[in-house]
Every structure is written in structure tokens, then in C-alpha cells.
Amino acid sequence: MSEARRLRLYLRLVEYTSVPLTALMVLYVLTGYGMISPALRHLGLSYALSSNLHTSPALRWLLNALVVLHGYSGLAFLARKKLKSGRLWKAAEVAIAIAFTAYAVVVVYAELYTVFPGFGRGWRFGRG
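Per our numbering, residue 12 is the first one in the sequence shown, and the count goes up by one each step.
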């Protein structure tokens, strides 16, 4: 894929993920307050509804997918805009890819451990 096409794709991903990501973040903040304070009950956020939404695995997966898409494409686009050297930009893009891959691996491991509590037991870095 050419550099210009890749940059257009990055910009489009940032644009398309920004509104849903913002909506999910607002939802998480409001449901967090709904779990610790009765002040939001008049908005319909009871403790039960707030805790169900706040701990929903589907919303967590969606939020993390949006974070990876938005974060990777936004940082890669910003790196290309700020770094004039092609080699430096490629190195930055690889570093960004490694960082977001590591984030995704940690999230997947945490989610699998939530679903399967024995997952990873016996691994040297996981006590289980």
C-alpha cells in the first residue's frame, strides 16, 4: 500500500472511531458514578444497570478495539506528520505497532483470564 493511501486510511480510522470512542468513555464515566453515587438515578442509571453496563464484556471488547484502532492510526498519522525522515517514521510506526500489539495481548489475556480463571496457571509470569 502506498504511503498516501495508508495515511488516508489512518485519518479515516481516527475520524470514524472518535465519536464511538467518546460515547463509550462518557458511558463508562457515567456508569462508574452510577455505581458509587445515587445522584444519577434520575437519569435512569440505577446501581444494577450501572454495574451491568460498566462490567459488560461486550462493551469492554468494543472499547479496547476502538482504543487500538484509534490509538494506532492516530499516533502513526501524527508520527508521519512530525517526522520528516522516512526511516525515522518507519521506525516510529514499528514501535507504535509493537506497543499496541502488546496492549492488545494484555487485554486478551486479561479477558481470557476473566472468562477462564485457570487460564495461564503454571506459567512463570502468571500466578493464576
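No residue lacks a Cβ here, since even glycine has one placed at the ideal position from N, Cα and C. Everything numeric in this text was worked out from a predicted model, so none of it was measured.
If we ignore side chains and look at the alpha-carbon of each, how far apart do residue i and residue j end up?
i: Leu80; j: Arg98; result: 23 Å
i: Gly139; j: Thr125; result: Because the pLDDT of Gly139 is 49, which lies under 50, any placement of that residue in the model is unreliable, and the number read from its coordinates should be weighed accordingly. Those two C-alpha atoms are separated by around 11 Å.
i: Arg23; j: Val117; result: 26 Å
i: Pro128; j: Ala103; result: 36 Å
i: Ser62; j: Tyr114; result: 25 Å
i: Leu56; j: Ala50; result: 9 Å
i: Leu54; j: Ile109; result: 41 Å
i: Ser67; j: Ser96; result: 43 Å
i: Val105; j: Met12; result: 16 Å
To the nearest whole angstrom, what separates the beta carbons of residue i and residue j, a pair I think is in contact under 8 Å?
i: Ile107; j: Leu94; result: Actually they are not in contact, since the Cβ atoms of Ile107 and Leu94 sit about 11 Å apart, beyond 8 Å.
i: Phe88; j: Val25; result: 6 Å
For residue i, collect the residues of the same chain with a Cβ closer than 7 Å to its Cβ; drop the 5 residues on either side in sequence, then sort them by chain order.
i: His65; result: Tyr39, Thr42, Gly43 and Met46
i: Tyr21; result: Ser84, Ala87 and Phe88
Leaving aside the five residues before and after residue i along the sequence, list all residues of the same chain whose C-beta is less than 8 Å from its C-beta, in chain order.
i: Leu32; result: Leu74, Leu77, Val78 and His81
i: Tyr27; result: none
Can you tell me which of the options puts its alpha carbon nearest to the alpha carbon of residue i?
i: Arg19; options: Ser61, Ser84 and Ala115; result: Ser84
i: Tyr120; options: Trp72, Phe88, Met36 and Val37; result: Trp72
i: Ala15; options: Ala50, Tyr114, Ile109 and Arg91; result: Arg91
i: Leu70; options: Leu35, Thr28, Ser29 and Tyr27; result: Leu35
Does residue i have its Cβ less than 9 Å from a Cβ in chain B?
i: Leu64; result: In summary, chain B is missing from the structure at hand, where a single protein chain is found.
Note down, in chain order, each residue of its chain lying with its Cβ closer than 6 Å to the Cβ of residue i, except the 5 sequence neighbours on either side.
i: Arg17; result: none
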